[in-house]
Amino acid sequence: MKTILSLAFAQDQYNFDEEVEFFGEIYRVIQYSTNFDVELTEKLIKKYDGQCDVICITGIPQKIKFKKGFFLHPDTYRLKTAAKYTPIVDGQIVKDVYIPYALRLFYLKNPQFFNKKKIGFYSAALQIGFVEPIAEITSDIVMADPFFLLKLPFNLHSAKSLEKFLKALSPVLKAMKVQKKFVPDFDDDSIFKNRALIEFLGCDILVGNEANINFLNLSHLKGRTLIIDIVSNQLEEKLKEAGLKEALICLPQLSIYPKMNYSILEGIIQIKKGEGNFVKQDDIIKLVEEFKLSPEIKTFHEDKEEVTKFSFVIHPLSTNHLFKHPYLRFIKKYSKPLEKITEEIMSFPPGFYYGKIEGIVSEKNGKKVEGLIYTVTETPKKLMEAEPDSIYRKILKLCDKAQDAGSKIMGLGAYTKIVGDAGVTIDRLSPIPVTTGNSLSAASTLWAAKLAVEKLGFVQKKGSMFKGTVMVVGATGSIGAVSAKILALTWEKIIIVAPRAYKLMELREEILKINPKAKVEVSTDADNFTGECDLIITTTSGQGKTVLDIMKVKAGCVICDVSRPFDIKEEEAIRRPDVLVIASGEVTLPGKVDMNIDIGLEGNIVYACLAETALLAMDGKFESFTLSRNINYEKVIEIDRMANEHGVRLSQIMGHNGFITDAEFDLCREHAVSAMKKTK
């Protein structure tokens, strides 16, 4: 059995002796906490030298590399050279490779975490591995090294100034002992005495490592966000007591060994490589891949009574909607001749705050959520005619306002999510995550379609499979494509329709990868197949243009119209009483929902894309969940699960004029049966 001696230099009373399995081998791990005592640490090294396979030290100052040379504290050198027979590791090579990778990985998935944030380092010198990746993300950096190391009343703001500072003061730093008593307080009592501390504590995110955080009085961390290399069980309790809000932990606790740290990881590799072979960067890369290491956000403190805010952008869906604006309501009676000029004029003002949705409460966790609704004033026509950059600018200003109002995520409604690259640029530049809401829009569309088909009762089912034909018009769009992929799993035959044939052929191949047995037809003209379809989903950006001839549609068919404005106009639907035209599945939010605004729906019913944004807030999942014109169908399944858990439900099925009653279902069924008899 191999033996690892772990010396926790920056911890106190966290000692253990236990056996654990790594890579199929049993290791004995002996840990002593030495509480910044260099002499005690050195004695333990000499005691176990030659008696164990590797000595792992954590919490000692690490080597700081410059372009020309390096700085190494004498105490670190003393401890790392204290053994004659057993190799000593401190985890530095693991940190050098893994921490920049972990931060970049997190940033690419969650760019808003850093966007427009000021980052404060307790001591950039003592966590040098964080500096370069964070400096690549943002230049708004405060390094409190002068205060942390020497109690000097100024900060540094770049890697270059840090290097100059360390070089100039290296003789002083080398003479200083690594002891807890030399570290200044970062508490509120000191803030009035030191401008440097005022600037540091004004940062949005603080960055430290376990060793220097253990030095400190942590009272200043209440309600804050921290980036840290690792969190032991002992430190986790301290952070909870301090009231820390959340931490980005580069190396989370591993299921194989919750007490794992960077030094022990390096020690395991050192043992596997054998005596005389040094650990190299390639070994760390293999380790990261084998353990599937990745950072995590951990919430430490959440106020149960706190209301979590989300935001959502809407716009008028027609020229008629323009006259719902408070300043235009008084002329609504005379609006018809004024529609064109009003549409033109109203495309110029900036977006503004419209109102709020209150009383949303998750059924899963009881979290209270509030929606801040913003609007731009362009109609669909004006949004599609405008230069995308001009719309981006309007929406980004609203994102800034939303963040200032405490919102954690922004949703894009209707045509605001179609403009340009479908939310990608807005998300990249926004200070908070952005979602189009199209995952839940797709899911709720399928909820409504399934329920309507079952209520009419014309399509037989075998298990979960409908023995009929479904068509998706606008199949290569974001909602259309993912709807087609899911419907191909539950319908005997699917027809996909869109203007571009090559995109349809690509989509067909994607569907067949998901369900190789699916019967898939493609067409650029919906009317080629309308006569054989039992269900038609229309999800286009046609702005009210005709997408199919309703007179050719099969009697008893359900048409689920996702588009806004509707693809199927009300006057067209009236011509076919034997065909059921429904709106996409709008939903209700959980709780006693109170809306002080008119979003064009009845009661507490909201658009599914808005509900997705609310769901993400309820779940604490503040991320860009749905973006671009490609929706991952696995995301649709995930949001479907979240909706069930938190209590977002399909409202009554709606048509052009509100709820569709059971009597209207019965009437449509009678007309369809009559029409079917005539065609026999």
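Residue 213 in the working numbering is what sits at position 208 of the sequence shown, and the numbering runs on without skipping anything. The C-beta atom is built at its ideal place from N, Cα and C for all residues, glycine as well. Keep in mind that this is a model prediction, so the values were computed, not measured.
Same chain, Cβ closer than 6 Å to residue i, five either side skipped, listed in chain order
i    : result
F627 : K413, I414 and P438
K537 : Checking the sequence shown, residue 537 turns out to be Glu, not Lys. For E537, where only same-chain residues beyond five positions count, the Cβ hits under 6 Å are T474.
K85  : I93
T535 : L553, K557 and V558
Y267 : G96, V99 and K100
G29  : none
Counted within 10 angstroms of its Cβ, other Cβ atoms place residue i as buried (16 or more) or exposed
i    : result
T382 : buried
N214 : buried
V177 : exposed
A180 : exposed
F197 : Residue placement at F197 cannot be trusted, given a pLDDT of 49 that sits under 50; the coordinates are not used to answer.
S568 : buried
K422 : buried
R229 : buried
A506 : exposed
N120 : buried
R513 : buried
T666 : exposed
K345 : exposed
Cβ-based neighbour list, residue i, same chain, cut-off 7 Å, excluding 5 preceding and 5 following
i    : result
L292 : L270 and I274
V487 : A447, I636, Y638 and V641
F31  : Reading off the sequence, residue 31 comes out as Ile, not Phe. The residues are M6 and E24.
G660 : V586, I587 and A588
D405 : P436
S656 : E591, V592, T593 and I610
I491 : L451, Y638 and V641
Spatial neighbours of residue i in its chain, beta-carbon cut-off 8 Å, leaving aside the 5 residues before and after
i    : result
G418 : F317, V318, I319, H320, G442, Y612, C614 and L615
D190 : L221 and N222
D539 : V458, F463, V464, F471, G473, T474, V475, K559, G561, C562 and V563
I604 : I319, I378, V611, Y612 and L615
Alpha helix (DSSP H) segment containing residue i, residue limits
i    : result
T430 : V429 to L434
Y19  : Neither: Y19 is in no alpha helix (DSSP H) and is coded neither H nor E.
L456 : N443 to L461
A619 : A613 to D624
A140 : I133 to I142
F118 : Taken as a continuous stretch (DSSP letters only), F118 belongs to no alpha helix (DSSP H), as it is neither H nor E.
T684 : D667 to T684
A164 : A164 to A180
V293 : Q286 to F296
I636 : That residue, I636, is in no alpha helix (DSSP H); it is neither H nor E in DSSP.
heavy atom of the ligand ADP below 7 Å from residue i C-beta
i    : result
E617 : For the ligand ADP, the structure offers nothing, since it holds no ligand at all.
Segment limits, beta strand (DSSP E) that includes residue i
i    : result
L231 : T230 to I235
L401 : No beta strand (DSSP E) contains L401, which is instead part of the alpha helix (DSSP H) from P393 to D409.
G376 : K373 to T380
A129 : Note, A129: premise wrong, no beta strand (DSSP E); not H, not E.
R33  : E30 to S38
T253 : Reading the sequence as shown, one finds Leu at residue 253 and not Thr. Here the beta strand (DSSP E) through L253 covers E251 to L256.
E497 : W496 to V502
C538 : Premise fails: C538 is in no beta strand (DSSP E) and is neither H nor E.
M476 : M470 to V478
S528 : K524 to S528
V563 : V563 to D566
D599 : G596 to M600
Anticipated Cβ contact below 8 Å, residue i with residue j, distance rounded
i    : j    : result
I573 : T545 : Between T545 and I573 the Cβ distance is about 11 Å, and since that is not below 8 Å, they are no contact.
I254 : P300 : 6 Å
G416 : T440 : 5 Å
I365 : I400 : In fact, because the Cβ distance is near 23 Å, the residues do not count as touching under 8 Å.
F305 : E390 : Actually they do not touch by this definition, with Cβ atoms about 49 Å apart.
Q16  : S237 : 7 Å
F118 : I65  : Not confirmed; about 30 Å, so no contact.
L167 : A130 : 6 Å
CB contact check: residue i to chain C, cutoff 8 Å
i    : result
V212 : Although the question refers to chain C, the structure presented lacks it and comprises just one protein chain.
**Segment contact, 8 Å Cβ cut-off, at least three pairs: the stretch 311-321 with the stretch 366-386** = Contact between the stretch 311-321 and the stretch 366-386 is present, because at least three Cβ pairs lie under 8 Å.
**Message:** Does the contact criterion of 3 or more C-beta pairs under 8 Å hold for the stretch 665-675 versus the stretch 577-586?
**Reply:** A contact between stretches requires three or more CB pairs, one per stretch, nearer than 8 Å, and the stretch 665-675 meets this requirement with the stretch 577-586.
**Request:** Inspect the CB distances between the stretch 525-532 and the stretch 493-510 and report whether three or more fall short of 8 Å.
**Result:** Under the three-pair Cβ rule at 8 Å, the stretch 525-532 counts as touching the stretch 493-510.
**Asked** Per the contact definition of three or more C-beta pairs closer than 8 Å, is the stretch 106-126 in contact with the stretch 142-160?
**Response** Yes: at least three Cβ pairs fall under 8 Å.
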